[in-house]
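According to this note's numbering, the sequence shown is numbered sequentially starting from 610. Don't be surprised by glycine CBs; every beta carbon is placed ideally from N, CA and C.
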Amino acid sequence: MPTFFHDYTDKVAYNKEQANKIILAETPHSRTTLWCLLPGQHIHPHVHAGDHIWVILEGTGRFLGDSPHDVEPGTVVVAPEGVAHGIDNTGGDGLVFVSISAG
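See the structure below:
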């Protein structure tokens, strides 16, 4: 399987109706997704099999889950398997983050 490299900036795209999910890469053990949320958009807390890691790249928001927390560029969120995780874009600009699902 090849190695994947991405410059996320050319993939940022918003959807006025809902949070936009852009698949960057899928392997047998993981999925890497770019999420783009406009102000006021959100991802409801939900649970998955496997761990989830979110790296906030742009904007500000509020992580929703077992431990609500404000997030900003540079924040890394690790939600282990079975832990609820969601997010609200609470800022005035777009919220962009990478989600890595493993398991």
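Close CB contacts of VAL664 within its chain, under the 7 Å cut and outside five residues either way in sequence, are with VAL685, PHE706 and VAL707 (chain order). Excluding sequence positions up to five before and after GLY703, its CB lies within less than 8 Å of the CB of VAL621, TYR623, CYS645, LEU646, LEU647, PRO648, GLU667 and GLY668, all in the same chain and listed in chain order.
The C-beta distance from GLY670 to VAL680 rounds to 5 Å, short enough to meet the 8 Å contact threshold. Between GLU690 and ALA658, the C-beta gap is smaller than 8 Å, which places the two residues in contact.
Around the C-beta of PHE614, fewer than 16 other C-beta atoms lie within 10 Å, and the residue is accordingly described as exposed. Here THR641 is bridged, per DSSP, to ALA634 and ILE709. The beta carbon of LEU673 sits closer than 7 Å to those of PRO654, GLY695, ILE696 and ASP697, all from its chain and outside the five residues before and after it, given in chain order. No Cβ-Cβ contact shorter than 8 Å links ALA688 with HIS651. Sorting ALA693, THR618, ASP616 and HIS678 by C-alpha distance to the C-alpha of THR699 places HIS678 at the top.
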